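Quick notes on the structure that follows.
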Amino acid sequence: MLDKNGIAKRIAKEIKDGYYVNLGIGIPTLCANYIPDGINVVLQSENGLLGMGPFPLEGEESPDLINAGKQTVTMLPGSSIFDSAMSFGMIRAQKVHLTILGAMEVSENGDIANWKIPGKMVKGMGGAMDLVASAKNIIVAMQHVNREGESKLLPQCELPLTGIRCVKKIVTELAVLDVLPNGGGFKLLERAPGVSVAEIIAKTKGKLVVDGDVPEMEI
Amino acid sequence: MLDKNGIAKRIAKEIKDGYYVNLGIGIPTLCANYIPDGINVVLQSENGLLGMGPFPLEGEESPDLINAGKQTVTMLPGSSIFDSAMSFGMIRAQKVHLTILGAMEVSENGDIANWKIPGKMVKGMGGAMDLVASAKNIIVAMQHVNREGESKLLPQCELPLTGIRCVKKIVTELAVLDVLPNGGGFKLLERAPGVSVAEIIAKTKGKLVVDGDVPEMEI
Amino acid sequence: MNKIYANAEEAIKDIEDGAVLMLGGFGLCGIPENCITALVKKGTKNLTCISNNAGVDDFGIGLMLQTRQVKKMISSYVGENAEFERQLLSGELEVELIPQGTLATRCLAAGYGMPAIFTPAGVGTEVAIGKETRNFNGKDYLMEYAFDADFALVKAWKGDAAGNLIFKDTARNFNPLMAMAGKITIAEVEELVPSGELDPNFIHTPGIYIHRIFQGSGYEKRIEQKTVRKRL
Amino acid sequence: MNKIYANAEEAIKDIEDGAVLMLGGFGLCGIPENCITALVKKGTKNLTCISNNAGVDDFGIGLMLQTRQVKKMISSYVGENAEFERQLLSGELEVELIPQGTLATRCLAAGYGMPAIFTPAGVGTEVAIGKETRNFNGKDYLMEYAFDADFALVKAWKGDAAGNLIFKDTARNFNPLMAMAGKITIAEVEELVPSGELDPNFIHTPGIYIHRIFQGSGYEKRIEQKTVRKRL
Chain A
1 MLDKNGIAKR
11 IAKEIKDGYY
21 VNLGIGIPTL
31 CANYIPDGIN
41 VVLQSENGLL
51 GMGPFPLEGE
61 ESPDLINAGK
71 QTVTMLPGSS
81 IFDSAMSFGM
91 IRAQKVHLTI
101 LGAMEVSENG
111 DIANWKIPGK
121 MVKGMGGAMD
131 LVASAKNIIV
141 AMQHVNREGE
151 SKLLPQCELP
161 LTGIRCVKKI
171 VTELAVLDVL
181 PNGGGFKLLE
191 RAPGVSVAEI
201 IAKTKGKLVV
211 DGDVPEMEI
Chain B
1001 MLDKNGIAKR
1011 IAKEIKDGYY
1021 VNLGIGIPTL
1031 CANYIPDGIN
1041 VVLQSENGLL
1051 GMGPFPLEGE
1061 ESPDLINAGK
1071 QTVTMLPGSS
1081 IFDSAMSFGM
1091 IRAQKVHLTI
1101 LGAMEVSENG
1111 DIANWKIPGK
1121 MVKGMGGAMD
1131 LVASAKNIIV
1141 AMQHVNREGE
1151 SKLLPQCELP
1161 LTGIRCVKKI
1171 VTELAVLDVL
1181 PNGGGFKLLE
1191 RAPGVSVAEI
1201 IAKTKGKLVV
1211 DGDVPEMEI
Chain C
2001 MNKIYANAEE
2011 AIKDIEDGAV
2021 LMLGGFGLCG
2031 IPENCITALV
2041 KKGTKNLTCI
2051 SNNAGVDDFG
2061 IGLMLQTRQV
2071 KKMISSYVGE
2081 NAEFERQLLS
2091 GELEVELIPQ
2101 GTLATRCLAA
2111 GYGMPAIFTP
2121 AGVGTEVAIG
2131 KETRNFNGKD
2141 YLMEYAFDAD
2151 FALVKAWKGD
2161 AAGNLIFKDT
2171 ARNFNPLMAM
2181 AGKITIAEVE
2191 ELVPSGELDP
2201 NFIHTPGIYI
2211 HRIFQGSGYE
2221 KRIEQKTVRK
2231 RL
Chain D
3001 MNKIYANAEE
3011 AIKDIEDGAV
3021 LMLGGFGLCG
3031 IPENCITALV
3041 KKGTKNLTCI
3051 SNNAGVDDFG
3061 IGLMLQTRQV
3071 KKMISSYVGE
3081 NAEFERQLLS
3091 GELEVELIPQ
3101 GTLATRCLAA
3111 GYGMPAIFTP
3121 AGVGTEVAIG
3131 KETRNFNGKD
3141 YLMEYAFDAD
3151 FALVKAWKGD
3161 AAGNLIFKDT
3171 ARNFNPLMAM
3181 AGKITIAEVE
3191 ELVPSGELDP
3201 NFIHTPGIYI
3211 HRIFQGSGYE
3221 KRIEQKTVRK
3231 RL
């Protein structure tokens, strides 16, 4: 079973040289720490920054330089600043190769719910609806089950949707799964270390495709 | 009767303090020379310049700094440079207060034709269609009749249109005329020095409204 | 034609009750601090505020919520504000949540004279309810309208007498977009310089979009989430 | 991931016959001189060129017309070119004339992932024939589609290894728009610098839009209409 850093580490393996990547808040942010050596990746922050660097050194933080999570950040050489229309313009135009974000639910046809829980205070979708509607390649980082032990991989999302038919891959503490096209369901690709296929089957409510031996993931 | 500079001089009186103005090629360009003293006017060139200044001094011309007529120009203090999308964006959003341009024909409901003569090589509309479709206030600078002596102020344009119901005012070598709303025709406002109302009537084919005494223009 | 105003009070003097305002900024980054303070002092009521966020309890638009000046918020994310939540749940405050890119592009549309734009954001979600959906090249898009705001209040790093603006780092965000979108745009700047001091090649917002400009003062520029690395 | 190419020949090597190209520039100002020269040398045929103008007889796109490499021009104004006129009248060359703002905004739409835009330009004229007209707030607009170009060839003043571009004066024009709009965008620059030398606040085209960049050489930068004042 993976911890949050394990999930981030496994997702980071999906990041290729030359990619422009948008990382959501939470586990996705951690992916930046595990980008493989020797590849050149540019992080996009949708509040208007390409080339986002690590947090600043204590005392060097600037109120004028934050990421989309409102955290103080830095810029790397080759960075650029732009307004929010251009930022979402490049997202819509699919110039950002990969979007990694969290989710509350994913359905077997790739629908995602991650912004609203009926009865709770709604904070808003921020840029999530734009990102999931636009990105060619979306990887979801999330726990396999919620706090009540219920599967978050469902036949259909029960929570209000953020976007439809958009998630391509899911990495949880238990498994790596592809979302098959045309409602084909979740295809189990890899098990987390020490996790059995039986446990993944038990914790996946949506259609799960298990095809032959499922290797343990290498991270 | 006015010469080209006279037409430009008369039109320049329509330019008010604080106006952003787009000047077309030909007579309109001359208007810049007659902007009244003490008022602050900013010239927009649709290839991406606000704050256009006079032609450069000999030897100071730059291939990187031209106006929409492709002439070398200069920038005044407070200038800004932008791309063509923003340039036509500010035009469409009616941030440019006044557009002055030439015409081959104007109709009594304010249609304008100035880009194409059937049977002749068509050079293109450039930015003219955007300008006439967007501007709140359009003044046409032109000769009252063409080389064949035919009126250019018509019931309906005979040449292909550049835009419809858009011209607000016309200044020719003979007269100043408003285009009345809802196809009301050309209202004669002023005569050029030495020009009779009779001559203007004779040379205006479209509906002409002559209301009481028509003063001679002051320029 | 003078665009320079003495201060925020003068610049916002004619903002009436019930006005529709745009306020630049992302979180607390790049917000028009002086204009907000002046609006609180003036007490203008029943405002509709188009702003990506709603500030925090004691800063930014949160200050106008404390004084119940806001009737409606149009935002993409409003999560850092307890007073906001209280007013929303009690029905005192109306909220319209829209995707962040839609918010930005509806500003752009207004500034560029485009009455509507198409975006895939929100297709198949509750955001799409009541909106025209249209398919282009096999993909669905929602048609979203340009904003129509009475005033835009923006904050820039530098500005000149002609109204040209330059923004610093990610304090740019929505500011240049809203600057273009307001019927009347009021810019507050950290440094106001004479015309001619800013390089025309590096103007973010051309002065044609700016109606009033003033030298701001006393900027707090509060950091919402200070995150730092330890020095080794 | 290296975006830097040795020269124009290398950068345009895979532009095939029949490709749809965008070429930046307004008149002869800010045109991709090196790319044009390389295309002439390569002899690529049947090109569709989206460019505001078509150069003059012996410079700019005019050079590609001399060699009959262009099948179709999509432009707003093509008036300075006798060979162009000859080919057009003889039917060798196809020409689509569109309003300049429509040209610019269709590039913007492509770069911003918007499938179509609305503009009033051309309403009631022959430009409107066959196009969807739509009324918003009492005014008619035409719906115009985003461009779909295989390659965009742009010319910048400075660029860095990350692909960030800066343009000089009115040589900016269509260049940043086409840079965003090409499926593959090739930028030639007067000065190529290492990443980190350009101020992130003053980048006109972020590197994400640029796939290939090279240091141009031998720029002629011809002036089309030299107009000067006499020194007194």
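Residue numbers (the numbering used here), protein chains in the order written: chain A, 1 to 219; chain B, 1001 to 1219; chain C, 2001 to 2232; chain D, 3001 to 3232. Where is the CB? At the ideal position from N, CA and C, for every residue including glycine. Bear in mind the structure is a predicted one, so any value in this text is a computation, not a measurement.
CB contact check: residue i to chain C, cutoff 7 Å
{"i": "B/A1093", "result": "yes"}
{"i": "D/M3180", "result": "no"}
{"i": "B/M1129", "result": "no"}
{"i": "A/Q156", "result": "no"}
{"i": "A/D3", "result": "no"}
{"i": "B/D1017", "result": "yes"}
{"i": "A/Q44", "result": "no"}
Rounded C-alpha distance that separates residue i from residue j
{"i": "A/I164", "j": "A/L180", "result": "14 Å"}
{"i": "B/M1052", "j": "A/K169", "result": "54 Å"}
{"i": "D/M3073", "j": "D/D3150", "result": "15 Å"}
{"i": "A/S72", "j": "C/A2156", "result": "Here the sequence assigns Thr to residue 72 of chain A, which means Ser is not the residue at that position. Taking the straight line joining both Cα atoms gives about 19 Å."}
{"i": "C/V2193", "j": "B/L1049", "result": "20 Å"}
{"i": "C/G2216", "j": "C/A2152", "result": "16 Å"}
{"i": "A/D3", "j": "D/F3202", "result": "41 Å"}
{"i": "A/I219", "j": "A/G212", "result": "21 Å"}
{"i": "A/N22", "j": "A/L43", "result": "6 Å"}
{"i": "C/N2052", "j": "A/Y20", "result": "24 Å"}
{"i": "B/D1017", "j": "B/G1078", "result": "16 Å"}
Beta-bridge pairing of residue i - partner residues as DSSP gives them
{"i": "B/S1080", "result": "B/L1050"}
{"i": "C/A2149", "result": "C/G2182"}
{"i": "B/L1180", "result": "B/G1185"}
{"i": "C/F2084", "result": "For C/F2084, which the question treats as bridged, DSSP gives no partner whatsoever."}
{"i": "C/C2029", "result": "C/F2026"}
{"i": "D/V3154", "result": "D/A3187"}
{"i": "B/L1101", "result": "B/V1140"}
Cβ neighbours of residue i in the same chain (closer than 7 Å, five flanking residues each side left out)
{"i": "A/G26", "result": "G102"}
{"i": "B/I1011", "result": "C1031, I1100, I1139, A1141 and V1171"}
{"i": "C/E2220", "result": "E2033"}
{"i": "C/M2114", "result": "A2146"}
{"i": "B/A1128", "result": "L1101, N1114, W1115 and T1162"}
Cβ neighbour criterion (16 or more within 10 Å) applied to residue i
{"i": "B/K1152", "result": "buried"}
{"i": "B/E1150", "result": "exposed"}
{"i": "B/M1104", "result": "buried"}
{"i": "B/G1126", "result": "buried"}
{"i": "A/D111", "result": "buried"}
{"i": "D/E3080", "result": "buried"}
{"i": "A/S45", "result": "buried"}
{"i": "A/M217", "result": "buried"}
{"i": "D/M3001", "result": "exposed"}
Residues of its chain near residue i, where Cβ-Cβ distance is below 8 Å and the 5 sequence neighbours each way are ignored
{"i": "A/I201", "result": "L208 and V210"}
{"i": "D/K3003", "result": "A3161, A3162, G3163, G3207, I3210, H3211, R3212 and I3213"}
{"i": "D/E3224", "result": "G3027, L3028, C3029, V3056 and E3080"}
{"i": "B/D984", "result": "Outside the shown range of chain B (1001 to 1219) lies residue 984 of chain B, about which nothing can therefore be said."}
Cβ of residue i within 7 Å of any chain A Cβ
{"i": "C/Y2112", "result": "no"}
{"i": "D/P3099", "result": "no"}
{"i": "C/K2226", "result": "yes"}
{"i": "D/N3201", "result": "yes"}
Below-7 Å beta-carbon distance, residue i vs any chain D residue
{"i": "A/L57", "result": "no"}
{"i": "A/S79", "result": "yes"}
{"i": "B/S1107", "result": "no"}
{"i": "C/P2115", "result": "yes"}
6 Å Cβ shell around residue i - same chain, five flanking residues per side excluded
{"i": "C/V2095", "result": "M2073 and L2088"}
{"i": "A/I35", "result": "A12, I15 and V41"}
Beta carbon proximity, residue i to chain B, threshold 7 Å
{"i": "D/T3185", "result": "no"}
{"i": "C/N2046", "result": "no"}
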